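Some notes on the structure that comes next.
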Amino acid sequence: MLIDLADGWHAELDRGPDWLFVRLSGLQRGGGNVSLADAIWQLLQQNLAHRLVLELDDLPILPSHVIGELVKLHKRINTEGGLMRICGLSDECQSVLRMNRLDARFPHYGSRHDAVMGHYPAKPR
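Heads up: the sequence shown begins at 1 in this note's numbering, then just goes up one per residue.
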């Protein structure tokens, strides 16, 4: 199901056993009335889900305001006893998280399946 989110963002939703899968796409502006983190949190509440996989395959870049929204959402989900995982990041987006020292908070999973199962990617030597 494709829905419109906050500030020009679109999300494709899919449900799995105990998980909500959200594939983000669309504009990446900041400063809208409803934050991206709040909009995704509302989706979790509406779907009675506590576990989230964000599929970010369609994001060519990861601007600082989006990183801030990811941190905000991650904190909120963890505070409520949930789980948030990310998959589909480009190499460039992964390096942005590394530079901001957020790669431990947001380990990257290669696929939706790996994110659900918690399979960490092989670390480079």
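Every residue gets a Cβ at the ideal spot worked out from N, C-alpha and C, and that includes glycine.
No experiment lies behind these values; they were computed from the predicted model shown.
For the 7 Å CB-CB criterion, L48 and V22 do not form a contact. Taking the Cβ atoms as the reference, P60 lies roughly 7 Å from S90, within the contact range of under 8 Å. CA-to-CA, the gap between K72 and A37 works out to about 6 Å. Beta-bridge analysis with DSSP links F21 to D14, V53. In this structure, the CA atom of A104 is about 18 Å from the CA atom of R51. Burial state of L2 is exposed, judged by a 10 Å Cβ sphere holding fewer than 16 other Cβ atoms. F106 and E92 have their C-alpha atoms some 14 Å from each other. Around the beta-carbon of H113, fewer than 16 other beta-carbon atoms lie within 10 Å, marking it exposed. Q46 and I86 have their C-alpha atoms some 20 Å from each other.
7 Å or more divides the Cβ of R76 from the Cβ of W19. Under DSSP, W9 shares a beta bridge with G26. The alpha-carbon separation between L13 and G118 amounts to approximately 20 Å.
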